[in-house]
Each structure stands twice: as structure tokens, then as C-alpha cells.
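Here the structure is laid out as C-alpha cells; the discussion comes afterwards.
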Amino acid sequence: MQRTQLPDITPISAPYWDAAKQHELLLPKCGACERFFFPPRAWCPHCYEAGQLGWETASGDGSILSFSQVHVPPFENYAETLPYVVAIVKLAEGPQLMANIIDCDPYEVAIGQNVRVTFEERIEGVSVPQFALKRANQ
Amino acid sequence: MSNRPAIAAAAEIKPGRYPELGSLDLYRMVIAKLIADFGISPKDIDGIFAPPMDRRSTKPKFYTHEILANELGITPRLSFTLNAGGATYGYMIQYAALAVAAGKADAVLCIGAGKFPKVGAGSETAESMMRTVCDAAFEFPYGPPIPALYAQYAARYMHEHGVTAEDMASVAVAQRKWAQLHPDAITRGKAELTIADVLGSRMIASPFHYLDCSIPCETGGAVLVTSEAFAKRINKQPAWLLGTGEHHGYGYVSQNPDLTHSGIAEAAREAFRESGLTPSEIDHAQIYDAFSICPIMALEDIGFAPRGKAGALFRSGRAGPGGDFPVNTYGGLLSYGHGGDASGMSMIVEGALQVMGRAGERQVKADNVLVHTYGGMLAEHCTLILGRTA
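Going down the list, the protein sequences come from chains V and Y.
Quick note on numbering: our numbering labels position 82 of the first sequence as 86, and the sequence is numbered without any gaps.
Quick note on numbering: our numbering labels position 75 of the second sequence as 77, and the sequence is numbered without any gaps.
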């Protein structure tokens, strides 16, 4: 079943979501100081230059900064089985994303584990980045 | 300072469920109690600070201050509606104190009351509430209920500082003991808790069990921030405002690069600077506790316990009744009740009543008291230091 929770999309964030539809993780990068940041916004949070919002494809690799196994969901049918995992992932490029850690036993998840981006299709053609545990052979 | 500000009056109505009453009815009850307890008149009030009304409903009102001025029949010198979640009331008091000290007002009513509607999963209200407590673009799609947002701080804090589930449970245990001493606490008369009870209660969002979470209910509270002269006229022992501190961290938990810090330390440092006091001179603390991790993080950030050691304050009984460093003497939001939009007032009213010597059976030493409130997902912070001597 496809989930119905959709992000609020603005002109500034549209490239991120357009790339996600193509299963590509695109990150904002400042054209002035050339550093990655997140989320996409008008001012670079590192050097405070405005109007220099560029984009670059991320490696898709990251690690788990923190997480919670959710037993009481805010939405009916958000997950087929409970609990599901809400985590904060620190990407290799530096920025942090919230995501679910999917395709695993939720009790396997721990702080510091390496994860890799994957994509989940939502309704209305929207695709959201998600993360899966990186296995030893990956 | 000629206009040294004080909390001259403080009152709160009994937390519970009031299905027959609307928010304005709760406001009326709060005002009536404040007036009755301290012998004041609406005509004494020349300032009103209030939060949005029915924020958690489908019909929020954003001009609460006008509604209340109309209700009281007054035309105040300063008045507005403001919102910073649980930190709202701390900020009200800070800005009321600044206004009083500057001669812009003499008696500012800082007030909040509200319903805490039970919202079922999947309802429209639940979804719109979710969008307001997290980033509607980059967090909301991942289904993080409020406990899971706080849990990001808790899990990381446990990981880095060795705080255990037992430490957190011991906060809930101590606060249930305090609640037995407060006539209005929602858990008054309920059995005392053990650490095993907390750890055995169902998991809501790890690491929080059901009994690690505060209890939603409805309530309302108010304080009157006044000039020195006004305070002395109506109260033999006002709660003098010795210092206030404000700091804002990250509105979206996923964007905080250090999940063990949220801004508590900065707000407290400013309050200590202004008061000229140090943590060792504080007799007890009232700390906003939506979840059991919060007092642990705050006590360590403020300097009342070494990093990773606040749990021992609770486990040893030092923070409980009879202990040498009481924390949340009213039972905290965990056991007194979390009054929705008005929750941030409960620990302030308790701190003020303690300083005034009006805390009844639960009265403890209260020459200097620290109150810490925060709003959002540990996003914004306000520390107040109250004292018996101006």
C-alpha cells in the first residue's frame, strides 16, 4: 500500500523532489563557499551568501546519528508492522536527513550503523528518500 | 532598581478533563482563582500576555489578548498574543518583567489555559498538528510522532553519556511521589511507581515507555508580574525575579548537529549571569518534563549534576520528597498532568508558590529556585530564577 503523507514542496525545494522521482539524492550546495547544506533554502547557513543555491548528487551513504522505534504511529496504516524506525541520518557529505530505516528488523537498528539511500514511492508520483542498513558485502 | 519586578500572584486550576467547558471558560476559572487567592481586581491589571487559544483544534484563535481584555473590561497599556510552545510562559514573564522595569506597565497578567483534545491517529487534526511540530517538508513524511522526535535527543544522549532506561524511569518514580503531596495532581491517590513499573509499561517510541511520557489533560494557570510597590501591596512574600535567560536552538530536530545539546545551558547561563547566583546557591528546580529524559538533560546542562549523573539524583531519592535537591515538587507534567497549551505555566506557578511559601504539604526550602521551560521539540528555552529576597 502506498503511503499518503506528502511533503510540502516549494519552488526552492522542487529540484530535490524532482530528483527523488528519478531515484537520485540531490543535495543543496552553496555556489559561493562550495559547502553542502540541508534543507534547501535561500541563504547558505555556512557563509550566509544568498541566491547561490546549487545542487550536487549525493553519494547516498550515511550513518545513523539517532533513532526511535515507533510503536504508536501518528497515522493509521503508516506501517504494515510495528514498530517502524524514525532516524536521523548523517550523510557522508555532512548534511543530516530524517528518514525511516526500512527493509530490516527494526530491532537491528543502532546508532553509528552505516546506511544507504533508497527510495519509496508515495501517492501522486512523489518519491521520498529512505535509508536501509548497509550490509557487510555492500 | 525602583521597579524591581516580581511575580506577585500565581494560581492554577486543577488539571483534568472539562468536556462541558470551552477554553474561554477555563480562562475565566483561572482569572477567578487568581483574583480570589490574592485579592486583586481586574482594574489593577494594565498588561495581558496570552497564547493562541485552541491551537490544537480546527478553530484556533489568534487574538486571545483581545478576548481577555474584553472579558475583564479593561483597556491595557500593553497586550498581545504570543506563542513559543511550552516556553511561551517563561518568555511572557521575562518580557513582562522588562516592561515593568522600564515603567511600561505595573501589573501584567501572564496567562494560559487550554484544551488538549484527544486526536485519533489518522484524523485531519492529528495530521495538521504533526505538520506544526516538525518540518512539514523534510520530517513530516516520515511519520514521526512527538515522542519519536524527542526520542532522537534521548537516544543520542543515552548513547554518549551512559544514561540508562532505569535513570529515566527513576525520574517518573520520584515525580509520582511528589504528586501525592499536591491536592490537584492528576495522579494523586494513584499507586506509587517502581522502576520496574515504568520499564514494564508499553513502549510508545523507544526509549520512551508509556510511563516515561507526560499525561495529557486540560488546565490553565496565571501569574501577575508586577512592580516592586504593587507586589509589596498584595503579597508579603512575592517571588522576586532575580534573573531570566532565553536561547533558541534548532526548530527541527533533524537539523541539530549535536543532539546532546538543545540550548538549555545557554538560557540557564544567562539567567545565572543576571541573578549573580551560581547553581550551588539554588535550593530546588522546577523543570519542564514532557518526557522523562528532559529533567536529566536539563540538570546536567544547567550544572546541577555532572554529565551522565543526574539519574543518580533521582535514584538516590535526593530529588524526591525529603531529598536535599527537590525537582518538580508538584509532580511534573509526568505525574501532575500536561495541560496542553498551558503546560508551560505549571512549573512556573509551582516555583512561584514555593518561593511565596504557599506550597502546603509539599513546601520545601525555596530561597532561590530555578525554573526551566522549553518549547517545540527542545527548540527554544527559557530559564527563570526566582527568590525570596529582591
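Beta carbons: idealized from backbone N, C-alpha and C, even for Gly.
Bear in mind the structure is a predicted one, so any value in this text is a computation, not a measurement.
Practice prompt. Tell me, please, which residues DSSP counts as bridged to I113(Y).
Written response: A224(Y)
Discussion item. Output needed for G353(Y): all residues of its chain with C-beta closer than 6 angstroms, excluding positions within five of it in sequence on either side, in chain order.
Written reply: Q288, V371, V373, L388
Discussion item. For Y338(Y) and H184(Y), which I take to be in contact (beta-carbon distance under 8 angstroms), what is that distance rounded to the nearest angstrom?
Written reply: 6 angstroms
Discussion item. Would A287(Y) pass as an interface residue toward chain V - the criterion being a Cβ-Cβ separation below 8 angstroms?
Written reply: no
Worksheet item: Can you list, in chain order, the residues of its chain whose CB lies under 8 angstroms from that of Y111(V), leaving out five sequence neighbours each side?
Response: Q73
Discussion item. Mapping the DSSP letters down to three states, classify D107(V) as helix, strand or coil.
Written reply: coil
Worksheet entry | Classification of Y52(V) by the beta-carbon crowding that lies within 10 angstroms, buried from 16 upward | exposed
Fill in: Contact set between the stretch 64–75 of chain V and chain Y, restricted to residues whose Cβ is under 7 angstroms from the partner
L69, S70, F71, S72, Q73, V74, H75
Worksheet item: Would you report the Cα separation of D22(V) and E124(V), rounded to the nearest angstrom?
Response: 13 angstroms
Item to complete: Could you check how far apart the C-beta atoms of A89(Y) and H383(Y) are, in whole angstroms? I think they sit under 8 angstroms.
Response: 6 angstroms
Worksheet entry | Reduced DSSP secondary structure (H/G/I, E/B, other) of M5(V) | coil
Worksheet item: Hey, P77(V) and L86(V): beta-carbon distance below 8 angstroms or not?
Response: yes
Discussion item. Less than 8 angstroms between the beta carbons of A10(Y) and T280(Y), yes or no?
Written reply: no
Worksheet item: CB E230(Y) to CB R6(Y), shorter than 8 angstroms?
Response: yes
Discussion item. According to DSSP, is T90(Y) part of a helix, a strand, or is it coil?
Written reply: helix
Worksheet entry | Through-space distance from S294(Y) to P218(Y), alpha-carbon basis | 14 angstroms
Worksheet item: Nearest to D107(V) by alpha carbon, out of F135(V), I115(V), V93(V), K94(V)?
Response: F135(V)
Fill in: N104(V): contacting residues in chain Y (beta-carbon distance under 8 angstroms)
Y144, G145
Item to complete: Locate the alpha helix (DSSP H) running through V351(Y), then write down its first and last residues.
Response: 345–358
Discussion item. For V121(V) and S130(Y), I'd like the C-alpha separation in whole angstroms.
Written reply: 28 angstroms
Discussion item. I need the straight-line Cα distance from L151(Y) to G116(V), nearest angstrom please.
Written reply: 18 angstroms
Discussion item. Just to make sure I have the definition right: I need the residues of chain V whose C-beta is within less than 8 angstroms of the C-beta of E141(Y). Which are they?
Written reply: M102
Discussion item. Under DSSP, the alpha helix (DSSP H) around L336(Y) begins and ends at which residues?
Written reply: 334–337
Worksheet item: What residue does the beta strand (DSSP E) around L23(Y) start on, and which one ends it?
Response: No beta strand (DSSP E) holds L23(Y); DSSP gives it neither H nor E.
Worksheet item: Can you name, in chain order, every residue of its own chain whose Cβ lies under 8 angstroms from the Cβ of H250(Y), other than the five neighbours on each side?
Response: G265, A381, E382, H383
Worksheet item: Hey, is M3(Y)'s beta-carbon within less than 8 angstroms of any beta-carbon in chain V?
Response: Caution applies to M3(Y), whose pLDDT of 44 falls short of 50 and renders its modelled position unreliable; the value that the coordinates give is listed next. Output row for M3(Y): interface = no.
Discussion item. In this structure, how does DSSP classify H161(Y) when only helix, strand and coil are distinguished?
Written reply: helix
Discussion item. Going by DSSP in three states, Y376(Y) sits in which element: helix, strand or coil?
Written reply: strand
Item to complete: Using 10 angstroms around the beta-carbon of C34(V), count the other beta-carbons present and answer buried if the total reaches 16, otherwise exposed.
Response: buried
Worksheet item: So, using beta-carbon positions, are A1(Y) and A101(Y) closer together than 8 angstroms?
Response: Because chain Y in this structure spans residues 3 to 392, residue 1(Y) falls outside the shown range and cannot be described.
Item to complete: Using a Cβ-Cβ cut-off of 8 angstroms, state whether F79(V) counts as contacting chain Y.
Response: yes
Discussion item. Assuming Q154(Y) and L261(Y) are in contact, meaning their beta carbons sit under 8 angstroms apart, how far apart are those beta carbons, in whole angstroms?
Written reply: 6 angstroms
Worksheet entry | Same chain only: Cβ atoms within 6 angstroms of A86(Y), ignoring 5 sequence neighbours per side | Y93, G377, E382
Fill in: Within chain V, the residues that M205(Y) reaches when beta carbons sit closer than 8 angstroms
Q73, H75, P87
Practice prompt. Consult DSSP for A10(Y) and reduce its assignment to one of helix, strand or coil.
Written response: strand
Practice prompt. Taking C-beta pairs closer than 8 angstroms, name the residues in chain Y that I92(V) reaches, listed in chain order.
Written response: Q154, V255, S256, L261
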